[in-house]
Structures are given as C-alpha cells and as structure tokens.
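Structure first, commentary second.
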Amino acid sequence: MKLSVNFDDLWANVRKMGAEKSDFTSSEVWYPPPINPVHRKAKLEEVKAENGLLSIDGSQVLLYIPDHSKWVSGALQTPRKGNKFHIADCKKLQEMRSQGKYNRYMVTNNLSDTFNIYGTDGTTGNAISGEVKLNVCKQCLNYLNYKGADHASIDERNRIVREFDIGEFFSTYSSLFEYMPEGLAGTGTGYTDNWKEISRRTRRTAHFTCSHCHLDLSDYPELLHVHHANGIKHNNSAANLKVLCCDCHRKEPLHDHMFISHQQTQLINRLRHEQGIILSGYEDWDKVFQYADPALYGILGYARAENYAPPHIGHKLESNRSQTLVELDAAWPKTKFGIYIDKPKEYKNTGWYLLNIKEAMDYFCQKK
C-alpha cells in the first residue's frame, strides 16, 4: 500500500482562510515511511526496471549473486575479484535475464555496503561463507552516467567504484520511489531538546528565505530547513546555522542521505520561476544542476557531454487557454524536447518529443 503524506492542500486552505502563519515544518515531525528490509531470491516477475533502476513494490533495490562457487576464497581475500552488484538494468543484467539465469541473484535494499557470499574451497572442497564489500557494476554506472561515469577516465571511473556508497546512491534517486530503505528514511535524532524552537526562531530571523538560492518561502515554511554547517547537530551557535530550502539543503556536502520528494522539488522550482530566480533562456549548466532534481543528473551529464544547450528546469507546457498541460523537469523549447519524472496526465498532441527517465537514458546511450 502506498502511504503518501502531503500537506499542500492543508497549507492552501490555511492561506485562503487568512490564518496566522505558523512556521511548522513537516520535516520536524514526519519522515518518509521506510520499507521493511528486503533480502531474498530475485523473481523475474517482481523486479521492475521502469525507470532504468531496480525496484520491488515501490522500493529501490539492488541485485547480486552470493554464490561464488570455487572462487569464494579469492573474493573474500580480494573483494574486487568478487561478483559485482547491480544498481540498474544494464546490458549484463539483461543478458542474464534472457539466458534464464536471473534466479542466481539475490535482491536487497541493505545500505551496509557489505554482502554475504558463499562457495566451496577450491582445494579442500569445504563450504566457505563470509561478508565482503563487493564492487558496483561499471556497466550500471555507465548506463546511468552516475557521477559522470560514462565520460570519465579509467582512473576516475575506478575512483567512483571505490567510493560508491549505496545510501548516497539511493538518496540521489529517492524522488523516483514511494518508499525509503530502513536506515535512509531518517529518524530526526541527534538534535538538542530545544531544537524545534531554535529552528523556528532561526527561520523567522531569516525572513523565511533560503540563504543559498534566495527563495522566499514565507507562504511555504514547511519547505525551509535549518542546516548545521559543520554537521554537528548539537552545535546551535548562530555561526553554525544556515537557513536553506529543502532542495538546497540536500545538495550540501555530507547530506546525501536526505529524502526530498519529487513533488517538493517541483513546487520549489515553480516558486523559483514565480520569484524570478529561475529565468527562461539562461545559458548556465551550473545553474541547471543547482536547481534540477538529482535523479536527472546522469541524463543531464549525457546532454552536456553531447554539447546540448542548458535546458530549462521546471518548464511548463501550456494550452492556448494558458492552462498547464505538462510540467517538464528538463526541457529544450527550441527543439521541443522534454524529460519528465512523473508521467503527465496530458502529454499527447503537444508537438513535443517527451521522454520519461528510462526513455531519456536509452536515448542518450544510443547516441554514444
């Protein structure tokens, strides 16, 4: 069952009533529902790859082969020699599926970066098992263009593999999924007892304005956070506190495990347009990455490498009656090419070439 908590209608009614503004934030009291840990044999029919990533029942997962046969000793001693785990529907995974070998995989959403593997000793024939940190599949990284892997040098790609963090990866694409793995959804712990009051006071002092993108969230205080600059949650000195919209907050260093829904990102970019922060026709790739949903970073990296012009973020397609038909996450109006995360209700007969995340990924992969 999909559990969705959205306060947009509540806040709209509050504003219509002219009620006194409260700087309540949903982030103080609610965290996205974590799904129970998943660790079982993969069944072909239950693993979905609708957006190029892997999921089961609305939760992002990864696949790996625990059985290392006679090579298990080598994998335990030198983890990089072990089977690679998969984070996307790459060519290797498609090949295994077509060959009927999908049942060799285990599916998991464990964030520990370690995997239980087993096999037999090549000399004694004894059963061996243990936990090891396996490497991520490079074909998956290339397909997603994760952190620019597809266009990276060999050394740079190897660095991406060495430093790969499952929690960070899941967070990057969290807006594409209904649930967060346990341990990533957040608990709100580590703050001082009076943190809520400090947070409220700090946001009021900042006039409910993001210090990074300068977005005024007076009417949407639930989208405004207070960030600890040095990462120490109990250091509430004024110099250590920075007021940020939730989108800018998640893009701060060491905040890769934050969950921000796609709906929140869309609303923030809508407000950025209304307040003149995002300007139509700007030619700045840095600004594109500043405002875009992180789930688009790989696709945008492909586009930049192919010398595409910087796209418009949060672009609206309107009818002749100025009604919004489609809200695109990235768009190139001159060529009428657009990419969306959530499938729009009306998108046919627009005269545009519109692609979802997976279609866009496949589109750019074919152009290589």
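Last residue of the sequence shown? That's 368 in full-length UniProt numbering, and every number before it is there in order. Ideal placement from N, C-alpha and C gives every residue a C-beta, glycine not left out. This one's a predicted model, so the numbers in the text were calculated from it and none came from an experiment.
* Asked: Grouping DSSP H, G and I as helix and E and B as strand, with all else coil, what is isoleucine 243?
  -> Per the sequence presented here, residue 243 reads as valine, with isoleucine not at that position. Valine 243: strand per DSSP, three-state reduction.
* Asked: Could you check where the alpha helix (DSSP H) with methionine 361 kicks off and where it finishes?
  -> Note, methionine 361: alpha helix (DSSP H), 357-366.
* Residues that DSSP places opposite serine 55 in a beta bridge -> Its beta-bridge partners are Lys48, Gln60.
* Cβ-based burial, threonine 108 [other Cβ within 10 Å; buried from 16] -> By the neighbour-count rule (16 or more Cβ atoms within 10 Å), threonine 108 is buried.
* **8 Å Cβ shell around phenylalanine 85 - same chain, five flanking residues per side excluded** => For phenylalanine 85, where only same-chain residues beyond five positions count, the Cβ hits under 8 Å are Leu62, Leu63, Tyr64, Phe115, Leu134, Asn135, Val136, Cys137.
* Tell me whether leucine 354 counts as near the ligand MN, meaning its Cβ is closer than 7 Å to at least one heavy atom of that ligand. => The ligand MN is not among the ligands present in this structure, which contains no ligands whatsoever.
* **Through-space distance from glutamine 139 to asparagine 145, alpha-carbon basis** => Distance between the alpha carbons of asparagine 145 and glutamine 139 is about 9 Å.
* To do: Pull up the distance between the alpha-carbon of cysteine 248 and that of serine 69, whole angstroms please.
  => Looking at the two C-alpha atoms, the distance is approximately 46 Å.
* DSSP state of tryptophan 325, grouped into three classes? -> For clarity, residue 325 is leucine in the given sequence; the question names tryptophan instead. In the displayed model, leucine 325 falls within a strand according to three-state DSSP.
* **Contacting residues, own chain, Cβ-Cβ under 7 Å from valine 132 (five flanking each side not counted)** => Answer for valine 132: Ala75, Leu76, Pro79, Gly82, Thr114, Phe115, Ile117, listed in chain order.
* Asked: By how many angstroms is the C-alpha of arginine 162 removed from the C-alpha of aspartate 156?
  -> First, the amino acid is wrong: residue 156 is glutamate here, not aspartate. Straight-line spacing of the CA atoms in glutamate 156 and arginine 162 works out to 10 Å.
* Three-state secondary structure assigned by DSSP to glycine 298 -> Here glycine 298 sits in helix by DSSP.
* Backbone secondary structure at methionine 258 - three-state DSSP -> Methionine 258: coil per DSSP, three-state reduction.
* **Given arginine 201 as reference, the closest of Ser55, Asp216, His214, His225 once Cα atoms are compared** => Of the listed residues, the one whose Cα sits closest to arginine 201 is His225.
* Once you ignore the five residues that flank phenylalanine 364 on each side, which residues in its own chain have a CB closer than 6 Å to its CB? -> Cβ neighbours of phenylalanine 364 beyond the five flanking positions: Tyr302.
* Asked: Just the Cα atoms here: how many angstroms apart are lysine 147 and asparagine 194?
  -> Put simply, the backbone Cα of lysine 147 is about 38 Å away from that of asparagine 194.
* Could you say which of Ala305, Gly190, Ala360 lies nearest to alanine 295 if we only look at CA atoms? => Among Ala305, Gly190, Ala360, the Cα nearest to that of alanine 295 is on Ala360.
* What are the partner residues of isoleucine 313, as DSSP defines its beta bridges? -> For isoleucine 313, DSSP records a beta bridge to Ala330.
* To do: Would you grab the beta carbon distance between threonine 192 and histidine 227 for me? Rounded to a whole angstrom, and I think it's under 8 Å.
  => 15 Å between Cβ atoms; not a contact.
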